[in-house]
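Novice: Sharing a structure here in structure tokens format.
In our numbering, the protein residues as written are 184 to 268.
Right, here's the structure in full:
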């Protein structure tokens, strides 16, 4: 993960009107995340569930099982035909 220096406020001051302003700034090293990483991080932190991703991977898993099962049946039938049983 890349890191960059960012300007942060080290000390705050409050005026007589109640306005808060930064009176002392300093540089700090922080990690920079891409928007995609930020979305994934927020989803992870908030305990979210992506229904679209679940549906995609669930149907993909079922399709791979069905294709593997069908291939196994076809191979079994070819072997039986070769043996003449």
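Positions of the beta carbon are idealized from the N, C-alpha and C atoms, including for glycine. Since we're looking at a predicted model, the values are computed, not measured.
Any idea which residues DSSP pairs residue 191 with across the strands?
Specialist: As a working note, residue 191 is residue 8 in the chain shown. Note: residue 191 sits in a beta bridge opposite 209.
Novice: Please tell me whether residue 187 and residue 213 are closer than 8 Å, where the distance is taken between their beta carbons.
Specialist: Looking up residue 187 in the chain shown gives position 4. Looking up residue 213 in the chain shown gives position 30. Taking 8 Å as the Cβ cut-off, residue 187 and residue 213 qualify as a contacting pair.
Novice: With DSSP as the reference, label residue 250 as helix, strand or coil.
Specialist: Here the question's residue 250 lines up with position 67 in the chain shown. Of the three classes helix, strand and coil, the one that applies to residue 250 here is helix, per DSSP.
Novice: Could you have a look at residue 198 and say whether DSSP puts it in helix, strand or coil?
Specialist: Residue 198 sits at position 15 when you count from the first residue of the chain shown. Reduced to three states, the DSSP call for residue 198 is coil.
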